[in-house]
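Numbered by numbering that gives the first Met the number 0, the letters in the sequence shown go through residues 0 to 569 in order.
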Amino acid sequence: MANHVSESLPELTFQYQCSLPPLPVPSLESSLSKYLDAVHPFASEKELQATVNIVKKFQDGVGKELHQKLLQRAKTKKNWLEEWWLDTVYLEGRIPSQLNVNFGGPAPYLEHCWPPAEGVYLQRASVITWHTLQYWNLLRTERLAPQKSGKNPLDMHQFRMLFCTCKVPGVKKDTIYNYFKTEREGPCPSHLVIMCRGRIFTFDALSEFLITSIHPSIHPLSIPTYSELGSLFVISLDETKPYCTAENYTNMTLEALTGNPTIRWGDKSYNSLVFSDGTFGSNCDHAPYDAMVLVSFCWYLDNQLKATDGKWKGSDAVRSMPLPEELVFTVDEKTRSDINNAKQQYLESTQDLQIVCHAFTAFGKTAIKQKKLHPDTFVQLAMQLAYYRMHKKPGSCYETAMTRRFYHGRTETMRPCTQEALNWCKAMMDPTCNNGKRKAMLLAFSKHNILMAEAQDGKGFDRHLLGLYLIAKEEGLPTPELFLDPLYTKSGGGGNFVLSSSLLGYTTVLGAVAPMVHHGYGFFYRIRDDRIVVSLSAWKSCYETDAASLFTNFCSALHEMLHLAITSQL
Numbered sequence: 000m001a002n003h004v005s006e007s008l009p010e011l012t013f014q015y016q017c018s019l020p021p022l023p024v025p026s027l028e029s030s031l032s033k034y035l036d037a038v039h040p041f042a043s044e045k046e047l048q049a050t051v052n053i054v055k056k057f058q059d060g061v062g063k064e065l066h067q068k069l070l071q072r073a074k075t076k077k078n079w080l081e082e083w084w085l086d087t088v089y090l091e092g093r094i095p096s097q098l099n100v101n102f103g104g105p106a107p108y109l110e111h112c113w114p115p116a117e118g119v120y121l122q123r124a125s126v127i128t129w130h131t132l133q134y135w136n137l138l139r140t141e142r143l144a145p146q147k148s149g150k151n152p153l154d155m156h157q158f159r160m161l162f163c164t165c166k167v168p169g170v171k172k173d174t175i176y177n178y179f180k181t182e183r184e185g186p187c188p189s190h191l192v193i194m195c196r197g198r199i200f201t202f203d204a205l206s207e208f209l210i211t212s213i214h215p216s217i218h219p220l221s222i223p224t225y226s227e228l229g230s231l232f233v234i235s236l237d238e239t240k241p242y243c244t245a246e247n248y249t250n251m252t253l254e255a256l257t258g259n260p261t262i263r264w265g266d267k268s269y270n271s272l273v274f275s276d277g278t279f280g281s282n283c284d285h286a287p288y289d290a291m292v293l294v295s296f297c298w299y300l301d302n303q304l305k306a307t308d309g310k311w312k313g314s315d316a317v318r319s320m321p322l323p324e325e326l327v328f329t330v331d332e333k334t335r336s337d338i339n340n341a342k343q344q345y346l347e348s349t350q351d352l353q354i355v356c357h358a359f360t361a362f363g364k365t366a367i368k369q370k371k372l373h374p375d376t377f378v379q380l381a382m383q384l385a386y387y388r389m390h391k392k393p394g395s396c397y398e399t400a401m402t403r404r405f406y407h408g409r410t411e412t413m414r415p416c417t418q419e420a421l422n423w424c425k426a427m428m429d430p431t432c433n434n435g436k437r438k439a440m441l442l443a444f445s446k447h448n449i450l451m452a453e454a455q456d457g458k459g460f461d462r463h464l465l466g467l468y469l470i471a472k473e474e475g476l477p478t479p480e481l482f483l484d485p486l487y488t489k490s491g492g493g494g495n496f497v498l499s500s501s502l503l504g505y506t507t508v509l510g511a512v513a514p515m516v517h518h519g520y521g522f523f524y525r526i527r528d529d530r531i532v533v534s535l536s537a538w539k540s541c542y543e544t545d546a547a548s549l550f551t552n553f554c555s556a557l558h559e560m561l562h563l564a565i566t567s568q569l
């Protein structure tokens, strides 16, 4: 087997793109049936019956017509959703994207080889930038292994958007500009931009002055070495030393998401944040790609640093190269005033965001899997119980389901607040329910796992309903009653989920987003063998919510669930 692998040609990063299947359109009957199941936990009998009537009317009437038009669109586009999703969710919104759209988080290096320290930020920035350029080079040369689910290749298109990409604001709609190309496709931008204390510098990472190879295992591109990058950073930062510190995960996440706006470009696809205490973070525009791209990239960086104990192992020679260029903008007083107003608006809004990052260390993936339970479902149900216990009502919840099995697939909505989950939460809160809690929990697990598998297989319903809504809008038709029904919004439809959640994988990478609604929470988490690390956000101005209290209830729920899992009868 080893000989066979070594003799076979390596898989190219983007080689499976053309062979991926198109994004399917679920049947109308299936989507509407799943929608009715999803609104059930939030409805009284009277409200549910009214919604059933609305759905039946839609299915027999305008919905059938809209569905046929959507099927026609799917025949002409390999991904019928792609353009709509980008426009509707990211580019047409007129709210400030820096806090409401972007995601950010701390780099995991402080957990091992790079704890906070004074006087090391330049050296560490040079090392991490060198590894970043290697990752860019892997994409350029298509030597980054394509990701797979089992034996099935996953869409890698979003990885093209990590570098050389920026969103440009417009009056009514923004635009994504992507200049990345593989080596086979031609040249693409290779410059880096340094922002510090409001000043901007740039230099080219592939200078014609640096023609020699820097490492025998690396494709012979003229990428600067660690020492050369360090000298370029010294020149750029000599008068603009970073002044932010981030002592712990909560502070680092808060700084990455809401920190100084003069050291990041809100519309840029990737910002690496360097703090004066030698710690790092990132802030990224969500429009070009989903978090799994950044997680994969940061996981790569973390593994590279672990392999070298965070130290540079190459040459310390410094070759002659062009100096960094400072970019100086000439603006009039109105532009200066607009910039100051935007900065003030941003700083005021960031003061309203509460972020809590904590690790639950009593157990993790290993203990959960020993009970033959899915770790992600375990966390999601614990979140449901925590919210229900705290707010005395079910919490409409969005969980990211990946649809990258399909051409240019991004995400589908998986709704964890099922009727089975609600029944279990009620049982857990009922002191008279002594024997049914474990059974109710297992039913909730089963329902969640089925819905997640269906969503990942292109059989969810939220994106389908969005397509039907947008068909009606494009055709100039009145908004169908289904989308005006109070239960549609109450259950989370139209981007109104109280809990906005996502698993960031089983890696060391953590991040955060702002809540989807004012009375809601952002809930990002990563699951390790021995712990579950959570990043929670809420708006301070909402008296109903508190991220710290939700985390406390979440921890209690985890303990209760593990107890249920090891007890045959309660």
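From the three backbone atoms N, C-alpha and C, an ideal C-beta is built for every residue, glycine too.
Rounded separation between residue i and residue j - CA only
| i | j | result |
| --- | --- | --- |
| Ser-216 | Gln-133 | Legend: pLDDT at Ser-216 = 42, less than 50; position of this residue unreliable, value from coordinates given subsequently. Near 11 Å, if we compare the C-alpha coordinates of Gln-133 and Ser-216. |
| Phe-41 | Gln-379 | 18 Å |
| Leu-486 | Tyr-34 | 10 Å |
| Leu-90 | Gly-494 | 15 Å |
| His-190 | Val-88 | 30 Å |
| Asn-136 | Phe-460 | 38 Å |
| Glu-238 | Leu-109 | The predicted position of Glu-238 is uncertain, since its pLDDT is 47 and thus under 50; a value taken from the coordinates is nonetheless stated next. Whole-angstrom Cα-Cα distance: 26 Å. |
| Asp-301 | His-130 | 10 Å |
| Thr-360 | Val-294 | 22 Å |
| Ser-32 | Pro-323 | 60 Å |
| Val-570 | Ile-127 | Nothing in the structure corresponds to residue 570, since the chain is present only between 0 and 569. |
| Ser-540 | Ala-546 | 12 Å |
| Leu-481 | Glu-117 | 58 Å |
| Gly-169 | Val-192 | 23 Å |
| Arg-335 | Leu-11 | 47 Å |
| Leu-220 | Glu-182 | The predicted position of Leu-220 is uncertain, since its pLDDT is 48 and thus under 50; a value taken from the coordinates is nonetheless stated next. Spanning the two alpha carbons is a distance of roughly 11 Å. |
| Glu-184 | Leu-138 | 12 Å |
| Gly-265 | Thr-75 | 34 Å |
| Asn-448 | Met-291 | 20 Å |
| Leu-464 | Lys-458 | 12 Å |
| Glu-332 | Lys-342 | 15 Å |
| Asp-289 | Leu-85 | 11 Å |
| Leu-121 | Phe-200 | 15 Å |
| Tyr-178 | Gln-418 | 46 Å |
| Ser-555 | Ala-385 | 8 Å |
| Glu-347 | Leu-272 | 21 Å |
| Lys-438 | Arg-388 | 19 Å |
| Trp-83 | Gly-435 | 45 Å |
| His-518 | Tyr-542 | 8 Å |
| Met-401 | Arg-409 | 6 Å |
| Glu-44 | Ala-443 | 21 Å |
| Gly-104 | Glu-64 | 44 Å |
Distance CB(residue i)-CB(residue j) smaller than 8 Å
| i | j | result |
| --- | --- | --- |
| Phe-377 | Ala-106 | no |
| Lys-364 | Arg-527 | yes |
| Asn-101 | Phe-405 | no |
| Tyr-524 | Leu-503 | yes |
| Asp-154 | His-407 | yes |
| Cys-396 | Phe-553 | no |
| Ser-125 | Tyr-225 | yes |
| Thr-249 | Val-355 | yes |
| Ser-500 | Phe-522 | yes |
| Met-451 | Trp-423 | no |
First and last residue of the uninterrupted beta strand (DSSP E) at residue i
| i | result |
| --- | --- |
| His-562 | Run containing His-562: none in the beta strand (DSSP E); it sits in the alpha helix (DSSP H), 546-564. |
| Ser-534 | 531-538 |
| Leu-579 | Absent from the structure is residue 579, since the part of the chain shown begins at 0 and ends at 569. |
| Gly-521 | 520-526 |
| Glu-324 | 324-326 |
Continuous alpha helix (DSSP H) stretch holding residue i: start and end
| i | result |
| --- | --- |
| Met-291 | 290-307 |
| Tyr-108 | Taken as a continuous stretch (DSSP letters only), Tyr-108 belongs to no alpha helix (DSSP H), as it is neither H nor E. |
| Leu-352 | Counting along the chain, Leu-352 falls outside any alpha helix (DSSP H), though it belongs to the beta strand (DSSP E) covering 352-359. |
| Thr-376 | 374-390 |
| His-447 | 436-455 |
| Asp-203 | That residue, Asp-203, is in no alpha helix (DSSP H); its beta strand (DSSP E) goes 198-203. |
| Lys-342 | 332-349 |
| Tyr-248 | 248-257 |
8 Å contact criterion, which residue i and residue j should meet: CB distance rounded
| i | j | result |
| --- | --- | --- |
| Gln-455 | Pro-415 | Contact flag wrong, Cβ pair sits at about 14 Å. |
| Arg-462 | Glu-411 | 6 Å |
| Ser-536 | Ala-564 | Contact doesn't hold; Cβ gap of about 29 Å is too wide. |
| Gly-62 | Pro-479 | 7 Å |
heavy atom of the ligand NAD below 7 Å from residue i C-beta
| i | result |
| --- | --- |
| Gln-146 | This structure does not include the ligand NAD; it has no bound ligands of any sort. |
Below 8 Å, how does it come out for the stretch 55-69 and the stretch 13-32: are there three or more Cβ pairs, yes or no?
Enough Cβ pairs lie closer than 8 Å, so yes.
Using 8 Å as the cut-off, can you tell me whether the stretch 254-264 makes contact with the stretch 143-152, which would need three or more C-beta pairs spanning the two stretches below that distance?
No contact exists between the stretch 254-264 and the stretch 143-152.
Is the stretch 154-164 touching the stretch 308-327, taking contact as three or more C-beta pairs under 8 Å?
Short answer: they don't touch.
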